[in-house]
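Quick mapping for you: the protein sequence lines, in order, are chains A and B.
When we follow the working numbering, the leftmost residue of the first sequence carries the number 1, and every step to the right adds one.
When we follow the working numbering, the leftmost residue of the second sequence carries the number 1001, and every step to the right adds one.
For glycine and all other residues, C-beta sits at the position ideal for the given N, C-alpha and C.
Written below as structure tokens is the structure these notes are about.
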Amino acid sequence: MRVLAKIRVLTAVCGLFLLCGASSAEGERDGAELVSLSGRVDYKPVRDSQWTPAARGMFIPQGGILRTGEDGRAMLLFPNKTKVWLKELSTLEIEVQKNLASKIAVFAGNVKVRVPHLKWKEIFEVRTDPAVLAVRGTEFVVGADKDGNLDLDVLYGEINLHYSVPPEDGSADVQINQGVRYSVTSEPAGTRQETGVTVVVDEAQRRGTVYKGTTAMLTRSQEVAGIENWDPGLSPAQRVGDLVAKVQQRQDMRNFAGAVDRTQRVVESLTNQVMESDFEAGRTLRDVHGNLVRVDQRLMRPDNSSLQLINLVKRPDYSNSDGHFSYYGSDVSNRLDSFQTWMTFNMNVPQNISDWGSFFTNQNVKVNKMIMVAANQTKNNQIYMTGIVAENKQLANPNAANELTDNGKMYFGTVDLAGYNAFAQGTAKSDDTSLSPSTNGAVLDANNNDISGLAWAQRPDYEGGWNYRNPTSQDLRAVITWDAPDNIMAGYEATPYCIGANCSVNSKKVWLSADYFVINNSGSPRKVTDFTNSLSNSITQLASATAGEAVIYVKNNVNGAPDNTLGGDTNYAISGGFTNPLKKNIDIVVIPDIAMAMAIKLWPAFKDVKKDSK
Amino acid sequence: MRKFTAALLAVSLVPFLFQNAVRAGSLEAKGGEIVAQILTNPAAFFYEFQQDLEWTTPLPPGSWGGVQLGIFPVLLPMGYANLSGKLRLHPEGRWFPGMPQVDVYGGYWKMLLADMAVKQSDDITSADFHGQYVGLTLTTSVSPKVRLFGGWKYARVRANLQLSKQQDIFGTKVDSFSSGLEDHFLVAGIEYPTGLNKWWTMQFNYGLTQELISAKLGWSGQYFDLGLNVYPEGVLVIHPTWNFHVYF
Chain A
1 MRVLAKIRVL TAVCGLFLLC GASSAEGERD GAELVSLSGR VDYKPVRDSQ WTPAARGMFI
61 PQGGILRTGE DGRAMLLFPN KTKVWLKELS TLEIEVQKNL ASKIAVFAGN VKVRVPHLKW
121 KEIFEVRTDP AVLAVRGTEF VVGADKDGNL DLDVLYGEIN LHYSVPPEDG SADVQINQGV
181 RYSVTSEPAG TRQETGVTVV VDEAQRRGTV YKGTTAMLTR SQEVAGIENW DPGLSPAQRV
241 GDLVAKVQQR QDMRNFAGAV DRTQRVVESL TNQVMESDFE AGRTLRDVHG NLVRVDQRLM
301 RPDNSSLQLI NLVKRPDYSN SDGHFSYYGS DVSNRLDSFQ TWMTFNMNVP QNISDWGSFF
361 TNQNVKVNKM IMVAANQTKN NQIYMTGIVA ENKQLANPNA ANELTDNGKM YFGTVDLAGY
421 NAFAQGTAKS DDTSLSPSTN GAVLDANNND ISGLAWAQRP DYEGGWNYRN PTSQDLRAVI
481 TWDAPDNIMA GYEATPYCIG ANCSVNSKKV WLSADYFVIN NSGSPRKVTD FTNSLSNSIT
541 QLASATAGEA VIYVKNNVNG APDNTLGGDT NYAISGGFTN PLKKNIDIVV IPDIAMAMAI
601 KLWPAFKDVK KDSK
Chain B
1001 MRKFTAALLA VSLVPFLFQN AVRAGSLEAK GGEIVAQILT NPAAFFYEFQ QDLEWTTPLP
1061 PGSWGGVQLG IFPVLLPMGY ANLSGKLRLH PEGRWFPGMP QVDVYGGYWK MLLADMAVKQ
1121 SDDITSADFH GQYVGLTLTT SVSPKVRLFG GWKYARVRAN LQLSKQQDIF GTKVDSFSSG
1181 LEDHFLVAGI EYPTGLNKWW TMQFNYGLTQ ELISAKLGWS GQYFDLGLNV YPEGVLVIHP
1241 TWNFHVYF
């Protein structure tokens, strides 16, 4: 009994599955659905049956034929989502409609086919009189007539056309790619075609007919006719409505692009004008203290024989946190520091930068004078500055070497803008021996007036009187030299000077002191290894992400060293009587951008530049 | 043979250089400037020529693969023995509607001129110039004729030269450089057919790390490409190119 019960249960379960299967099979209707139509559209379920009016929503079964009248249009939807549109006076037959195979035959008219996708091993074929089209792409239009002529416009994807009978002079298969029209025309038998075209003789099925296939690019009108909206019931204007909108969009984009192009040309024109006259560069970064810094650089030609490099350093707020020399200035807002170099040559500098290379390689070109000045210009009437003037030795002695020398002199002080300009532009006279006593270090302007607040000082190794030597290195000039632990590119240095070359008086001894950093754009000191790994960054890229920073002081001398005690006015600029209430250092950030551009531009020249042996 | 080393760097420059140099009035100055740019970043200079042979355009519809040989200026006069290949992984719209054509490509070059120089010259201790690239391109049609393509490319160049003694190249002393470049690029462009088996393409390449920019304008036929490549920040801003290819 138990066995019988089990058999009943199994039978019931199997019956349930069978019912489900039957219901599932009923859900997949045979054939293609006529989803849309307009005008006269007829169909017949099999070839030998009578034409009957088609209705929207009906299914055209396998073997069924659909035709449109003079005003008729129709759209079929296949189970695999393939859409087939019929224009007026078109006839097609659904020859095969299976799970992995769909075949339709186009007898006449114009039919558009869009195959969304094909499953693995699935085929979709369109048969015409002369050939079978295997769909390998997505969208195409077939135009056929009863005489065996065929126009195949491939809109998207690829079609493989297979002639019914292999041609005598080539393959029966022709691959047609998108954007191409392939036309087959039938001609009377016995006619042979010119070289380069496909000739097909379908002797078995169409005795007496020769097919000729030609390939050409789709014309614009053919393209539009193919991609316009083929849905039934639309007016001609509605069919191309989307295309018109796209054309308008493209025109809008062209107009926009044209406007951008014109603007860009204007900007380029302005840029070129600037670049023709000067090099210029700018960068925003953080300094080693973490302050936001804007650096602007310009290379200018103030006169025919001079070049002037100006490096402006602007900070909205300034605080000092790093360095080996004490900074006792309070935080400052809207700080401005500058560094400039003024070079005067013995002949005119070419106007065209492209000619600079040959200019600097000219052996007769000499630098007569070079002025370098660093300044804290936060207040125009209290510019805290240090500078060096170097002159060509041949100016004083024609037989001397063609070298620049600063004669060991340094200028510093707190001046107003006029005094600063007098120095920076080279009109200041250096040490004034006419004043009494000459050792006060006064500096005169072009009119022999004392530039108030500006002093000159001499390195002791030039004048003697202060027999200073670094106990460690025995270096005459520097008490501390380059220091780079762990490959960090930073260091500090202090060089002794005597104001007015008066090294016999302790109060006249000062130290030109500076912290140096090579930083990245975030203000972190760079390591030597950053520059030795050339695989990840080029030199030019590294340069664009690298800057140099120098924090400069003129310190008092205490026991043969810079006064670096905490809490005092250790800067000579203050204790020496100069007015420098808030700005107790000069903090210059220099970007190498212009230098890189010049180095590349003027490479041949730089290799011959003579350096001051000092 | 002493000049052979200079020729390595200068041989490809002269045709381009001459016109500008005459205009500038100083061949040496212009040559020195160009050499300076090369020595500043040698790999970038050699990569510009690699880009001339890089085959980053999509395969035409209906082709499943292809190979290309860069002829000018890479094989001649630079001496880059090179070969590039391209394979279609997916034709447009085949797997599902809207899915673009997917091509993968790659190529390799090696400067035979450098190897010859090492063997024949006592001035050159070693020289190794080679590069390779791989990438993937997605292509989609915006109309039956117009296709947009874009993708990713990884390119790598090695440029190492060691001389036994200093050479004077356009007035610049050179004894060695060892440099390399590698970057991931974004590639975007447009293709338009002008006839059967004829296309013109325009594309932009942008290096994500090195920030290299290039623009390529090309006319492709069944077997040959003519191109005009523009490297705005390059040593030679405009490169005319000529490549041979076969599609399968």
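So which residues of chain A does residue i contact, with C-beta pairs closer than 7 Å?
i	result
Trp1095/B	His117
Gly1131/B	Simply none; closest approach about 13 Å.
Quick one: what does DSSP say residue i is sitting in, helix, strand or coil?
i	result
Ile1038/B	helix
Arg262/A	helix
Ala25/A	A caution first: Ala25/A carries a pLDDT of 40, below 50, which makes its placement in the model too unreliable to give a value.
Leu1226/B	strand
Glu203/A	Note on Glu203/A: pLDDT 45, under 50, position unreliable in the model; the coordinate value appears next. Correct three-state label for Glu203/A: coil.
Tyr327/A	coil
Gln62/A	coil
Pro1193/B	strand
Glu88/A	coil
Gly1207/B	strand
Ala1044/B	helix
Pick out whichever of the options has its Cα sitting closest to the Cα of residue i.
i	options	result
Asp71/A	Asp129/A, Pro232/A, Val96/A, Glu223/A	Pro232/A
Ser1220/B	Tyr1247/B, Met1078/B, Ala1081/B, Tyr1231/B	Tyr1247/B
Val210/A	Pro496/A, Ala131/A, Ile499/A, Lys429/A	Ala131/A
Glu107/A	Gly148/A, Asn380/A, Gln382/A	Before going further, note that residue 107/A is Phe rather than Glu in the sequence given. Comparing Cα-Cα distances from Phe107/A to each of Gly148/A, Asn380/A, Gln382/A, the minimum goes to Gly148/A.
Phe325/A	Asp406/A, Gly491/A, Ile227/A, Tyr182/A	Gly491/A
Asp1175/B	Ser1164/B, Asn1197/B, Val1067/B	Ser1164/B
Ile586/A	Pro496/A, Val558/A, Arg315/A, Ala597/A	Arg315/A
Thr1137/B	Thr1125/B, Asp1128/B, Val1102/B	Val1102/B
Glu1211/B	Trp1200/B, Trp1199/B, Val1187/B	Val1187/B
Val526/A	Ala514/A, Ala543/A, Val510/A	Before going further, note that residue 526/A is Arg rather than Val in the sequence given. Among Ala514/A, Ala543/A, Val510/A, the Cα nearest to that of Arg526/A belongs to Ala543/A.
Pro45/A	Ala55/A, Pro53/A, Gly64/A	Gly64/A
Leu243/A	His1184/B, Pro1240/B, Ser1143/B	Ser1143/B
Asp331/A	Gln308/A, Ile104/A, Gly290/A, Thr405/A	Gly290/A
Asp42/A	Arg56/A, Arg67/A, Leu34/A	Arg67/A
Ser38/A	Asp48/A, Lys87/A, Ile60/A, Trp51/A	Lys87/A
Beta-carbon within less than 6 Å of residue i's beta-carbon, same chain only, minus the 5 sequence neighbours each way: which residues are those?
i	result
Asp593/A	Ala281
Val1134/B	Gly1106, Tyr1154
Val1146/B	Tyr1192
Gly143/A	Asn110, Asp151
Asn304/A	Asn348
Asp445/A	Ala422, Ala428, Ile451
Glu1048/B	Tyr1231, Gly1234
Gly453/A	Gly413, Thr414, Val415, Phe578
Val288/A	Asp322, Phe517, Ile519, Gly523, Glu549
Val13/A	Because Val13/A sits at a pLDDT of 47, beneath the cut-off of 50, its placement in the model cannot be relied upon, and the following sentence gives the value as read from the coordinates. Cβ neighbours of Val13/A beyond the five flanking positions: none.
Tyr1080/B	Val1074, Trp1109, Met1111
Report the neighbours of residue i on chain B: residues whose CB is nearer than 8 Å to its CB, in chain order.
i	result
Tyr156/A	Glu1092, Gly1093, Ser1141, Pro1144
Thr138/A	Glu1092, Gly1093, Pro1097
Asn175/A	Here residue 175/A turns out to be Gln, not Asn, going by the sequence shown. Per Cβ cutoff of 8 Å: Gly1062.
Residues in the same chain with beta-carbon distance under 8 Å from residue i, minus the five sequence neighbours each way, listed in chain order, please.
i	result
Phe1177/B	Leu1039, Pro1042, Ala1159, Asn1160, Leu1161
Mind pulling the chain A residues with CB within less than 8 Å of residue i?
i	result
Gly1234/B	Simply none; closest approach about 12 Å.
How would you list, in chain order, the residues of chain B whose beta-carbon sits under 9 Å from the beta-carbon of residue i?
i	result
Glu228/A	Those within 9 Å of Glu228/A in chain B number zero; the least Cβ separation is about 12 Å.
Glu223/A	Ser1143, Pro1144, Lys1145
Leu640/A	With chain A covering only 1 through 614, there is no way to say anything about residue 640/A.
Thr215/A	Leu1196
Considering only residues of the same chain and omitting the five flanking positions on each side of residue i, which have a CB-CB separation below 7 Å?
i	result
Glu175/A	Reading the sequence as shown, one finds Gln at residue 175/A and not Glu. Cβ within range, chain order: Glu158, Asn160.
Tyr1223/B	Phe1244, His1245, Val1246
Using the beta-carbon of each residue, which ones in chain B are nearer than 7 Å to residue i?
i	result
Gly615/A	Given a span of 1 to 614 for chain A in the structure shown, any question on residue 615/A remains unanswerable.
Requested in this report: Below 8 Å between beta carbons is the criterion; list the residues of the region 481-514 of chain A that meet it against any residue of chain B, in chain order.
Outcome: none
Query - Against chain A: residues of the region 1192-1215 of chain B by CB proximity under 7 Å - result: Pro1193, Gly1195, Leu1196, Gln1210
Query raised in the report: When you check each C-beta in the region 1047-1073 of chain B against every C-beta of chain A, which residues fall closer than 9 Å?
Result: Pro1060, Pro1061, Gly1062, Ser1063
Query raised in the report: Mind listing which residues of the region 362-382 of chain A have their C-beta closer than 9 Å to chain E's C-betas, in chain order?
Result: You won't find chain E in this structure, because its protein chains are A and B.
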